[in-house]
Amino acid sequence: MTRLVIENAAVATVDGAGTEHGSGHVVVEDGRIAAVGTGVAPADGRLTTRIDGQGCLVTPGLVNTHHHLYQWATRGLAQQATLFQWLTELYPVWARLDDLAEHAAASAGLAWLARSGCTTVADHHYVYPPKAGDLNAALVAAAKRVGVRLHLVRGSMDRGESNGGLPPDELVEDTDEALAATERAIAEYHDPEPAAMVRVAVGPCSPFSASERLMREAAELARRCGVRLHTHLAETLDEEEHCLAQFGRRPLDYADELGWLGADVWLAHGIHFDEAGVSRLGATGTGVAHCPSSNARLGAGIAKVRALLDAGSPVGLGADGAASNEFGGLGEELRQALLLARLRDGPDALTAREALWLGTMGGARCLGRQAEIGSIEVGKQADLALWRLDGLGHAGIADPVAALVLGPLPPLELLLVGGATVVAEGRVSTVDDDALRTELETANLRLTNGTNGANGEVPS
Ligand SMILES: [Zn+2]
Numbered sequence: 007m008t009r010l011v012i013e014n015a016a017v018a019t020v021d022g023a024g025t026e027h028g029s030g031h032v033v034v035e036d037g038r039i040a041a042v043g044t045g046v047a048p049a050d051g052r053l054t055t056r057i058d059g060q061g062c063l064v065t066p067g068l069v070n071t072h073h074h075l076y077q078w079a080t081r082g083l084a085q086q087a088t089l090f091q092w093l094t095e096l097y098p099v100w101a102r103l104d105d106l107a108e109h110a111a112a113s114a115g116l117a118w119l120a121r122s123g124c125t126t127v128a129d130h131h132y133v134y135p136p137k138a139g140d141l142n143a144a145l146v147a148a149a150k151r152v153g154v155r156l157h158l159v160r161g162s163m164d165r166g167e168s169n170g171g172l173p174p175d176e177l178v179e180d181t182d183e184a185l186a187a188t189e190r191a192i193a194e195y196h197d198p199e200p201a202a203m204v205r206v207a208v209g210p211c212s213p214f215s216a217s218e219r220l221m222r223e224a225a226e227l228a229r230r231c232g233v234r235l236h237t238h239l240a241e242t243l244d245e246e247e248h249c250l251a252q253f254g255r256r257p258l259d260y261a262d263e264l265g266w267l268g269a270d271v272w273l274a275h276g277i278h279f280d281e282a283g284v285s286r287l288g289a290t291g292t293g294v295a296h297c298p299s300s301n302a303r304l305g306a307g308i309a310k311v312r313a314l315l316d317a318g319s320p321v322g323l324g325a326d327g328a329a330s331n332e333f334g335g336l337g338e339e340l341r342q343a344l345l346l347a348r349l350r351d352g353p354d355a356l357t358a359r360e361a362l363w364l365g366t367m368g369g370a371r372c373l374g375r376q377a378e379i380g381s382i383e384v385g386k387q388a389d390l391a392l393w394r395l396d397g398l399g400h401a402g403i404a405d406p407v408a409a410l411v412l413g414p415l416p417p418l419e420l421l422l423v424g425g426a427t428v429v430a431e432g433r434v435s436t437v438d439d440d441a442l443r444t445e446l447e448t449a450n451l452r453l454t455n456g457t458n459g460a461n462g463e464v465p466s
């Protein structure tokens, strides 16, 4: 049995009562949390690794509910664009995606997320060009390489330009093939166990790139297989106009009619809902992946986070793809979510502790993992972030949660996923930064210059 104790640290458990310890301990045994409390850990005769957390804050590892990791290879493009302009410029670049680029981009993106305190990542992957190689295998290999939990959202697009959709026809899949491939991904990778490192969800991309039949049958498939459902919804007013023109309904009514509201669904962005829509999301327990930096980068609008929380909708945070959020970390989104909520609804719209809840328990609820991750409670997975708060960036801030959320993102002393070290003293310990950078630069050149290296050897 491996046993590890973190002590002398402030602890924000994010449990149901919001329990915090000014100086406390967390005990990890066999990848799970065995004890948490005030003061030092009780003496124990067993062999134990002790970590002195003096000057640090322990929080649950952060949960990223919406990302597109492949976009790490296509950052910095379409800088002054709306979502639809941005997509139209990027689709032809993404059409060159292959398994090598996917592996490089996902490895770099996951390592960067880990450096920002993130231990679980939902990656919504919806670009499957012909001859791209095995993109899911490349993604799963990258998550294993970095050592974080992955929710592989097998996305899909089947409505190209000739059918009234936004993406070019050559980038969309046949409806039946997309559904069959999604079912294969579930069979191959979905692990329902509490300690699962890989789970699969079903994720047709958006109302303007997926057909009604794909949306409806994807929901049926997910429920038949017992996995969760995810899509983009109500991100922009352009989308709303598109839905009204093409389907005669606003995005939420359209989604509702196709079976897309429920406690097994989480929606990316969820900005343009009216009051009645917010109530419906709350009443059905439908989750929202709030992506504040990406929404600001594309000028899409500000989600009604306060109203969604009050209505009872689980809200988690997402970094979103790095092509619309070049910053790319999740820790920074705690502050960004707080700032945008207050810009929208005033200074009492969101507290620092609520921002931390969004990034931890809120995300765990979106992913259906609230019994396993998202808080520091006995029996849960030991996904823990130990933030160093005794440097210049946080000196003199007495409240450690305020220091984390309102101050600069602190250096990570330690990041554990299932008790295993992924970040130590600010460096990702599972992968080499220089190797990742070289792989990423190569992938970026291939995608932007138009050479496809599909079916090369993907390192594992
Ligand atoms: Zn997205």
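262 is the number that the numbering used here gives to position 256 of the sequence shown; each next residue is one higher, with no gaps. Using N, Cα and C, we set each Cβ at its ideal position, and we do this for glycine too.
Asked	Found
Beta-carbon proximity check, LEU473 vs ALA15, cutoff 8 Å	Limits of the chain in this structure are 7 at one end and 466 at the other, which puts residue 473 out of reach.
N- and C-terminal bounds of the beta strand (DSSP E) containing PHE39	Strictly speaking, residue 39 in this sequence is Ile, with Phe absent from that position. Counting along the chain, the beta strand (DSSP E) containing ILE39 begins and ends at 38–44.
For ALA224 and VAL233, the rounded distance between their alpha carbons	11 Å
Beta-carbon proximity check, VAL428 vs ARG151, cutoff 8 Å	no
Sequence-distant residues of the same chain with beta carbon closer than 6 Å to GLU445, five excluded per side	ALA110
Closer than 7 Å: ALA128 CB and nearest ligand 1 heavy atom	no
Rounded straight-line distance, which links the Cα of HIS31 to that of CYS249	52 Å
ASP326 CB to nearest heavy atom of ligand 1 below 7 Å	yes
Given 8 Å, three or more beta-carbon pairs between the region 200–219 and the region 155–173	yes
Residues near LEU344 by beta carbon distance below 7 Å, same chain, minus five either side	LEU356, ALA358, ALA361 and VAL411
HIS72 beta carbon near ligand 1 (any heavy atom closer than 7 Å)	yes
PRO210 - partner residues in DSSP beta bridges	SER162
Residues that DSSP places opposite GLN86 in a beta bridge	Answer by DSSP bridge pairing: none, since GLN86 is not bridged.
CB of GLY402 within 8 Å of CB of PRO417, strictly	no
N-terminal and C-terminal residue of the beta strand (DSSP E) that ARG394 is part of	390–394
Distance cut-off 7 Å: ALA309 Cβ against heavy atoms of ligand 1	no
Residue environment, TYR132, which counts as buried when at least 16 other CB atoms sit within 10 Å	buried
Inter-residue Cα distance where the pair is VAL384 and THR290	29 Å
Paired residues, beta bridge with CYS124 - DSSP	LEU68
Distance CB(ILE12)-CB(LEU392) smaller than 8 Å	yes
As assigned by DSSP and simplified to three states, the class of GLY459	Since pLDDT at GLY459 reaches only 49, below the 50 mark, its modelled position is unreliable, and no value is offered.
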